[in-house]
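In what follows, a structure is listed as structure tokens, so that the remarks can point back to it.
Residue numbers (this note's numbering), protein chains in the order written: chain Y, 1 to 181; chain W, 1001 to 1144.
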């Protein structure tokens, strides 16, 4: 037990250091080494900083907290091309307990279903049966399950504690894959 | 033992995070997708798709659902005929919702010989960095 505060402190320090180095470091398209600077049309395209600097900051990925940006209404991305109909929002959390020495994973359906429809993940990527998805970090790093988006476009896989977010002592009577209100 | 495991894992994770921050060859925006299935061979620049720009305007489900984009760089077999026909990018890039296909250089804007990839992905940074101009990467997507 004694090591825990030190561990949290160490992790926080390291993450803050990494974040500090990277924060707000958006490259212009001309200098990002991916766009061809000799393309005369490049000046028509928007540089990331122009749009992203206005959004809630984050410490990884695009340095933007996309979930907060959507929930606060700072951005209003459309849900459909045909009509902006509301889609289903599911507001429960799924607990994943088979996490070795790491904290449990508490997966929040709400922010995910705000960005995606149920059918985006179910049933092709995840079956909707508690505990029936044999997820592990190897598969996630290989781009399966959560790794389809996390590590590619949603926050990167180096953000361990955003998913491993629940101390086992705070949850009692939970079953693998069970849901919490 | 348990505490030692936790500390070891944390140190490993922290070194990985630090490595990602420092060892970053190209620094384009996280999630940018390069598509070079046919472009190089056709004498065009590869396409750079900015995820960040599109997700400000559309939720994931619009493209990865309604429009049928698979979650894989190079996994959709997109070509200009399909786009002109209103599929994939062509669902919006029709001169109505977004710019039309005459503006070749706005999409075909990447460095020549950049392989198909999701740029800056975690696995790319940790395992197999892909530099622009190295189109012969073994895992660079399907060849045409």
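Where a beta carbon is used, it is the ideal one built from N, C-alpha and C, also for glycine. Quick caveat: nothing in here was measured; it's all calculated off a predicted structure.
Going by beta carbon distance, what residues of the same chain come within less than 6 Å of residue i, once the five residues before and after it are set aside?
| i | result |
| --- | --- |
| residue 126 of chain Y | 133 |
| residue 1118 of chain W | 1033 and 1073 |
| residue 48 of chain Y | 26 |
| residue 68 of chain Y | 56 |
| residue 1120 of chain W | 1030 |
| residue 159 of chain Y | 60 |
| residue 96 of chain Y | 105 |
| residue 171 of chain Y | none |
| residue 1023 of chain W | The pLDDT assigned to residue 1023 of chain W is 45, lower than 50, so where the model puts this residue is not dependable; a value taken from the coordinates is nonetheless given after this. Cβ neighbours of residue 1023 of chain W beyond the five flanking positions: none. |
| residue 146 of chain Y | 140 |
| residue 1098 of chain W | 1092 |
By the three-class DSSP mapping on this structure, what secondary structure does residue i have?
| i | result |
| --- | --- |
| residue 57 of chain Y | strand |
| residue 1110 of chain W | strand |
| residue 1003 of chain W | helix |
| residue 152 of chain Y | coil |
| residue 1022 of chain W | The predicted position of residue 1022 of chain W is uncertain, since its pLDDT is 44 and thus under 50; a value taken from the coordinates is nonetheless stated next. Residue 1022 of chain W falls in the helix class under three-state DSSP. |
| residue 171 of chain Y | coil |
| residue 1127 of chain W | coil |
| residue 165 of chain Y | strand |
| residue 1051 of chain W | helix |
| residue 1080 of chain W | helix |
| residue 1040 of chain W | helix |
| residue 122 of chain Y | coil |
| residue 100 of chain Y | coil |
| residue 1008 of chain W | helix |
| residue 115 of chain Y | helix |
| residue 1122 of chain W | helix |
| residue 142 of chain Y | coil |
| residue 50 of chain Y | helix |
| residue 87 of chain Y | coil |
| residue 45 of chain Y | coil |
| residue 30 of chain Y | helix |
| residue 40 of chain Y | helix |
| residue 157 of chain Y | coil |
| residue 147 of chain Y | helix |
| residue 70 of chain Y | helix |
| residue 1085 of chain W | coil |
| residue 1075 of chain W | coil |
| residue 1068 of chain W | coil |
Name the DSSP bridge partner or partners of residue i?
| i | result |
| --- | --- |
| residue 196 of chain Y | Residue 196 of chain Y lies beyond the residue range present for chain Y, which begins at 1 and ends at 181; the question has no answer from this structure. |
| residue 127 of chain Y | None, per the DSSP bridge assignment. |
| residue 1098 of chain W | W:1093 |
| residue 1117 of chain W | W:1034 |
| residue 78 of chain Y | W:1058 |
| residue 64 of chain Y | Y:57 |
| residue 35 of chain Y | W:1110 |
Below 8 Å on the Cβ atoms is my contact criterion, and I expect residue i with residue j to pass it. Report the Cβ-Cβ distance as a whole number of Å.
| i | j | result |
| --- | --- | --- |
| residue 70 of chain Y | residue 114 of chain Y | 6 Å |
| residue 36 of chain Y | residue 1111 of chain W | 5 Å |
| residue 107 of chain Y | residue 93 of chain Y | 6 Å |
| residue 1039 of chain W | residue 1108 of chain W | 6 Å |
| residue 1101 of chain W | residue 1084 of chain W | 6 Å |
| residue 1105 of chain W | residue 65 of chain Y | Between residue 65 of chain Y and residue 1105 of chain W the Cβ distance is about 32 Å, and since that is not below 8 Å, they are no contact. |
| residue 1077 of chain W | residue 1051 of chain W | About 19 Å separates the two Cβ atoms, so there is no contact after all. |
| residue 1061 of chain W | residue 117 of chain Y | 4 Å |
| residue 58 of chain Y | residue 1028 of chain W | The pair is not a contact, with the Cβ atoms about 18 Å apart (cut-off 8 Å). |
| residue 78 of chain Y | residue 1049 of chain W | Actually they are not in contact, since the Cβ atoms of residue 78 of chain Y and residue 1049 of chain W sit about 18 Å apart, beyond 8 Å. |
| residue 1069 of chain W | residue 46 of chain Y | Not really, about 21 Å apart at Cβ, beyond 8 Å. |
| residue 1114 of chain W | residue 1046 of chain W | 5 Å |
| residue 76 of chain Y | residue 1066 of chain W | Incorrect: roughly 17 Å between the Cβ atoms, too far for contact. |
| residue 1090 of chain W | residue 1082 of chain W | 7 Å |
Excluding the 5 residues flanking residue i on each side, which residues of the same chain have their C-beta closer than 8 Å to its C-beta?
| i | result |
| --- | --- |
| residue 151 of chain Y | 140, 141, 143 and 157 |
| residue 1071 of chain W | 1064 |
| residue 164 of chain Y | 99, 102, 103, 104 and 105 |
| residue 22 of chain Y | Reliability fails at residue 22 of chain Y, whose pLDDT of 49 lies under 50, so the model's placement of it is uncertain and the value that follows must be treated cautiously. Closer than 8 Å at Cβ, skipping near neighbours: 59, 60 and 63. |
| residue 1021 of chain W | The predicted model places residue 1021 of chain W with a pLDDT of 47, which falls under 50 and marks its position as unreliable, so this point remains unresolved. |
Just to confirm my understanding: we take residue i, look at its own chain, exclude 5 residues before and 5 after, and list those with CB closer than 7 Å. What are they?
| i | result |
| --- | --- |
| residue 89 of chain Y | 110, 113 and 114 |
| residue 42 of chain Y | 29, 30 and 35 |
| residue 155 of chain Y | 60, 61 and 162 |
Tell me whether residue i counts as near the ligand NAD, meaning its Cβ is closer than 7 Å to at least one heavy atom of that ligand.
| i | result |
| --- | --- |
| residue 96 of chain Y | Among the components of this structure there are no ligands whatsoever, and the ligand NAD is therefore not found. |
Select from the segment 32-62 of chain Y all residues with a C-beta closer than 9 Å to any C-beta belonging to chain W, and list them in chain order.
32, 33, 34, 35, 36, 37, 39, 40, 41, 42, 44, 45, 46, 48, 51, 52, 55, 60, 61 and 62
Between the segment 136-149 of chain Y and chain W, which residues of the former have a C-beta closer than 9 Å to a C-beta of the latter?
141, 142, 143, 147, 148 and 149
At a Cβ cut of 9 Å, what residues of the segment 77-102 of chain Y count as close to chain W, listed as they run along the chain?
77, 78, 79, 80, 81, 82, 87, 100, 101 and 102
Quick one, which residues of the segment 109-121 of chain Y are near chain W if we go by CB-CB under 7 Å, in chain order?
115, 116, 117, 119 and 120
If you measure beta-carbon to beta-carbon, which residues of the segment 156-168 of chain Y are closer than 7 Å to chain W?
156, 157, 158 and 160
So if I threshold CB-CB distances at 7 Å, which residues from the segment 1044-1077 of chain W count as touching chain Y?
1045, 1048, 1051, 1052, 1053, 1055, 1056, 1057, 1058, 1059, 1060, 1061, 1062, 1064, 1065, 1066 and 1071
Note down, in chain order, all residues in the segment 1102-1122 of chain W with a beta-carbon under 9 Å from any beta-carbon belonging to chain Y.
1103, 1104, 1105, 1106, 1108, 1109, 1110, 1111, 1112, 1114, 1118, 1119, 1120, 1121 and 1122
Residues, ordered as in the chain, of the segment 1027-1039 of chain W that lie near chain Y by beta-carbon distance below 8 Å
1027, 1028, 1029, 1030, 1031, 1032 and 1034
Taking a cut of 9 Å between CB atoms, which residues from the segment 1084-1095 of chain W lie near chain Y?
1091 and 1092
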